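So the sequences go chain by chain: A and B.
Residue numbers for the first sequence follow numbering that gives the first Met the number 0, beginning at 0 and rising by one.
Residue numbers for the second sequence follow numbering that gives the first Met the number 0, beginning at 0 and rising by one.
Glycine residues also receive a C-beta, built at the ideal position from the N, C-alpha and C atoms.
All figures in this text were calculated on a predicted structure; none of them were measured in a lab.
To keep things clear, I will list the structure first and then write my remarks on it.
Protein chains: 2
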Amino acid sequence: MNILFASTKEQPEFWFPLLQKALPQDRFFAWPDTNGGDIDVALVATHPGGMFSGLARLKLIQSLWMGVENIVGDPELPRGVPVARLIDPGMVAAMGETVIAQVLDWHRHFWCYRQFQHDRVWKRRRQYLASDRTIGLLGLGELGGSVAAKLRALEFNVAGWSRRPKKLEAVFCSTDLEQVVRRSDALVCLLPLTGKTQGIINSRMLSLMPKDGCVINVARGAHVVIPDLLAALDSGQLARAYLDVFETEPLPADSPLWSHPGVTVTPHIAALTEPRTSVGKIAQNIERLRRGEAPLNTVDFAAGY
Amino acid sequence: MNILFASTKEQPEFWFPLLQKALPQDRFFAWPDTNGGDIDVALVATHPGGMFSGLARLKLIQSLWMGVENIVGDPELPRGVPVARLIDPGMVAAMGETVIAQVLDWHRHFWCYRQFQHDRVWKRRRQYLASDRTIGLLGLGELGGSVAAKLRALEFNVAGWSRRPKKLEAVFCSTDLEQVVRRSDALVCLLPLTGKTQGIINSRMLSLMPKDGCVINVARGAHVVIPDLLAALDSGQLARAYLDVFETEPLPADSPLWSHPGVTVTPHIAALTEPRTSVGKIAQNIERLRRGEAPLNTVDFAAGY
Chain A
0 MNILFASTKE QPEFWFPLLQ KALPQDRFFA WPDTNGGDID VALVATHPGG MFSGLARLKL
60 IQSLWMGVEN IVGDPELPRG VPVARLIDPG MVAAMGETVI AQVLDWHRHF WCYRQFQHDR
120 VWKRRRQYLA SDRTIGLLGL GELGGSVAAK LRALEFNVAG WSRRPKKLEA VFCSTDLEQV
180 VRRSDALVCL LPLTGKTQGI INSRMLSLMP KDGCVINVAR GAHVVIPDLL AALDSGQLAR
240 AYLDVFETEP LPADSPLWSH PGVTVTPHIA ALTEPRTSVG KIAQNIERLR RGEAPLNTVD
300 FAAGY
Chain B
0 MNILFASTKE QPEFWFPLLQ KALPQDRFFA WPDTNGGDID VALVATHPGG MFSGLARLKL
60 IQSLWMGVEN IVGDPELPRG VPVARLIDPG MVAAMGETVI AQVLDWHRHF WCYRQFQHDR
120 VWKRRRQYLA SDRTIGLLGL GELGGSVAAK LRALEFNVAG WSRRPKKLEA VFCSTDLEQV
180 VRRSDALVCL LPLTGKTQGI INSRMLSLMP KDGCVINVAR GAHVVIPDLL AALDSGQLAR
240 AYLDVFETEP LPADSPLWSH PGVTVTPHIA ALTEPRTSVG KIAQNIERLR RGEAPLNTVD
300 FAAGY
């Protein structure tokens with residue numbers, strides 16, 4: 000097979016040695032070298048504009064990321080070519096680590112103790128235990144399931160919302176968004192970005208949360224209505240927000256988010272795809288293609304992810 | 000039974016309603032009211048000096064804390080009266096939460112991203128996964144065992160040192176301190192303070208750790224030789240230190256620790272005793288005493304805890 004690597008964000012030099020080892024019989028090309036258009040599989044993550052037009056033989060578009068809104072939203076996406084999401088076990092593990100870190104930072108008031116340290120003040124906040132808190136997860140797919148298990152291991156109560164009914168052990172699962180938000184001391188967004196999830200964290204949802212909670216957005220910037228979030232922080236309804244993703248990235252230097260005392264900004268690092276843990280998943284899909292089998296984790300275009 | 004509550008740190012008003020409910024047939028007194036010296040059980044945590052001399056009928060000294068170095072070190076401690084440590088499930092849970100929070104803060108570079116946010120810099124550090132790291136626990140008692148299980152649930156590798164041989168599932172346990180320290184990317188002190196553990200984290204131990212690691216001290220201030228720790232931070236051998244406990248508390252306003260860029264200071268809040276979760280344990284020991292049985296979790300004076 001001829002495999003094209005085309006991304007404005009991922010670096011082929013980190014991927015090619017591992018890909019070539021996993022798929023020794025295949026040939027790899029890095030955009031803009033398209034082998035004269037003779038390409039079977041495109042590996043993409045924020046792909047160059049117009050790239051699909053010259054690839055008439057394309058059989059599979061394999062994303063290098065879990066989020067595929069850039070691919071699904073490309074008006075030039077060829078029809079009839081399956082698009083596969085990447086479910087990278089390393090990325091899933093990293094996401095769990097980040098969510099736990101941010102939940103604990105809020106839950107045990109470490110954000111507050113940093114201010115006390117800065118002020119050289121020895122002062123205690125009331126101690127809550129994980130078992131006193133309910134963490135609400137928006138999205139109960141691969142990420143939500145893994146994050147829920149880690150939160151449960153720390154004795155947090157977990158509630159979760161998903162579009163389709165789900166069952167997870169010891170997790171309050173619901174398809175009723177408000178029912179989940181009303182009981183969530185911390186709200187964690189793990190959703191794919193679609194027309195239905197854009198702006199899902201807005202003033203209405205924030206007003207339903209118990210006071211003094213936090214919002215953790217590790218999905219996509221457009222899930223959160225930023226003016227609504229800042230209003231909830233400024234009114235004291237919300238204690239803290241942890242934002243890893245933004246509508247414009249890098250976050251512009253003049254954004255008020257950088258210096259807002261209630262906001263932790265991280266540079267889209269909650270969970271990076273790990274070449275070492277994901278190459279096996281990519282190779283699996285390419286081997287399936289070679290055997291004439293349907294690829295795994297293909298996008299449902301009606302759902303948008 | 001007549002039960003005396005005597006602590007310069009814990010407030011009787013948080014304890015008495017719960018104690019009276021758990022032990023309805025007993026009478027409670029708050030220091031300095033010693034019922035004319037007619038006291039069967041003393042509940043203590045940093046007790047007032049000289050308090051034991053007037054309590055001739057004392058049958059049990061029940062600590063309100065897990066750490067008992069203030070009791071063991073009191074030269075006026077009556078001989079022959081058992082001293083019991085408090086193993087509070089809430090305090091154990093809280094400790095696990097804090098250690099996980101600090102480990103993740105170091106492991107995923109959140110301490111670094113806070114500086115980047117302050118500087119309005121969008122920059123990424125290399126992503127490591129929990130499975131790339133080994134967390135070393137000094138102390139494998141109730142706290143160490145619970146912390147180890149939570150770290151394992153997050154996929155960290157765990158090594159642990161204890162004075163006596165221990166076996167914990169999927170944890171590298173050793174009684175050889177250097178063997179544990181050499182493999183510990185992060186070193187967590189959970190030890191009781193005794194003559195043998197004082198100053199255990201010193202320049203020799205810090206030099207054995209892999210570079211760029213961190214030290215988390217949630218036990219007692221005297222476990223760490225502070226000048227050695229600061230030297231390891233300043234040389235770049237150590238990336239970060241999380242200190243919750245200090246030889247003098249509150250930490251004096253002129254301590255260099257408050258403003259050291261490599262140090263996170265918290266005001267001894269890693270794990271507070273929770274009256275609601277510990278009253279059952281205290282009541283259990285008092286009921287044992289009433290039935291003429293030996294109390295649980297008594298101090299081994301030869302070991303010092």
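Helix, strand or coil at residue i according to DSSP, with G and I counted as helix
i: Gly53 of chain A; result: helix
i: Ala83 of chain B; result: strand
i: Tyr127 of chain A; result: coil
i: Ser206 of chain A; result: helix
i: Gly135 of chain B; result: strand
i: Ile38 of chain B; result: coil
i: Gln61 of chain A; result: strand
i: Trp121 of chain B; result: coil
i: Trp105 of chain B; result: helix
i: Ile225 of chain B; result: helix
i: Tyr304 of chain A; result: coil
i: Val264 of chain A; result: strand
i: Thr33 of chain A; result: coil
i: Phe115 of chain A; result: helix
i: Val187 of chain A; result: strand
i: Gly198 of chain A; result: coil
i: Gly212 of chain B; result: strand
i: Leu239 of chain A; result: The residue you asked about is not Leu; residue 239 of chain A is Arg in the sequence shown. Strand.
i: Gly95 of chain A; result: helix
i: Leu295 of chain B; result: coil
i: Phe28 of chain B; result: strand
i: Trp257 of chain A; result: coil
Residue i: contacting residues in chain A (beta-carbon distance under 9 Å)
i: Ile351 of chain B; result: What the structure shows of chain B is the stretch from 0 to 304, and residue 351 of chain B is not part of that stretch, so it cannot be assessed.
Interface partners of residue i on chain B, CB under 9 Å
i: Phe115 of chain A; result: Val264, Thr265 and Pro266
Exposure label - residue i; buried when at least 16 CB within 10 Å
i: Gly79 of chain B; result: exposed
i: Pro274 of chain B; result: buried
i: Lys280 of chain B; result: buried
i: Ala301 of chain B; result: exposed
i: Val120 of chain B; result: exposed
i: Gly53 of chain B; result: exposed
i: Glu177 of chain A; result: exposed
i: Glu96 of chain A; result: buried
i: Thr196 of chain B; result: buried
i: Pro260 of chain A; result: exposed
i: Ala169 of chain B; result: exposed
i: Gly135 of chain A; result: buried
8 Å contact criterion, which residue i and residue j should meet: CB distance rounded
i: Ala92 of chain B; j: Ala148 of chain A; result: That belief does not hold up - the Cβ atoms of Ala92 of chain B and Ala148 of chain A are roughly 18 Å apart, past 8 Å.
i: Thr276 of chain B; j: Leu85 of chain B; result: Incorrect: roughly 10 Å between the Cβ atoms, too far for contact.
i: Arg182 of chain A; j: Thr247 of chain A; result: Not confirmed; about 33 Å, so no contact.
i: Asn216 of chain B; j: Asp233 of chain B; result: Not really, about 18 Å apart at Cβ, beyond 8 Å.
i: Val43 of chain B; j: Leu63 of chain B; result: 7 Å
i: Met0 of chain B; j: Asp25 of chain B; result: 5 Å
i: His46 of chain A; j: Ala21 of chain A; result: In fact, because the Cβ distance is near 21 Å, the residues do not count as touching under 8 Å.
Cross-chain neighbours of residue i in chain A, by beta carbon under 7 Å
i: Thr305 of chain B; result: Coverage of chain B is limited to positions 0 through 304, which leaves residue 305 of chain B absent and any answer about it impossible.
i: Leu167 of chain B; result: Under the 7 Å cutoff, chain A gives no residues; its nearest Cβ is about 16 Å from Leu167 of chain B.
Under 7 Å by beta carbon: chain E residues contacting residue i
i: Asp104 of chain B; result: Absence of chain E from the displayed structure is noted, the protein chains being A and B.
Interface partners of residue i on chain B, CB under 7 Å
i: Thr97 of chain A; result: Arg107
i: Arg119 of chain A; result: Ala252 and Trp257
i: Leu271 of chain A; result: Gln126
i: Ala129 of chain A; result: Ala92 and Glu96
Quiz item: What residues from the segment 7-40 of chain B come within 9 Å of chain A, judged by C-beta to C-beta, listed N to C?
Solution: Listed in chain order, the positions of the segment 7-40 of chain B with a beta carbon within less than 9 Å of a beta carbon of chain A would be empty, since no residue qualifies.
Quiz item: Which residues, in chain order, does the segment 135-157 of chain B contribute to contact with chain A at a C-beta distance below 9 Å?
Solution: Those would be Ala148, Lys149, Arg151, Ala152, Leu153 and Glu154, in chain order.
Self-check item: Proximal residues, the segment 244-259 of chain A versus chain B, C-beta separation under 7 Å
Solution: Listed by position, the residues of the segment 244-259 of chain A near chain B (Cβ gap below 7 Å) are Pro249, Leu250, Ala252 and Trp257.
Exercise. Scan the segment 69-95 of chain A for residues whose Cβ lies nearer than 8 Å to a Cβ of chain B and list them as they occur along the chain.
Key: For the segment 69-95 of chain A, the residues whose beta carbon sits under 8 Å from a beta carbon of chain B are, in order, Gly89, Ala92, Ala93 and Gly95.
Exercise. Would you list, in chain order, the members of the segment 170-190 of chain A that have their beta-carbon closer than 8 Å to a beta-carbon of chain B?
Key: Result list empty, no residue passes.
Exercise. Note down, in chain order, all residues in the segment 222-233 of chain A with a beta-carbon under 8 Å from any beta-carbon belonging to chain B.
Key: Taken residue by residue, none of the segment 222-233 of chain A has a beta-carbon sitting less than 8 Å from a beta-carbon on chain B.
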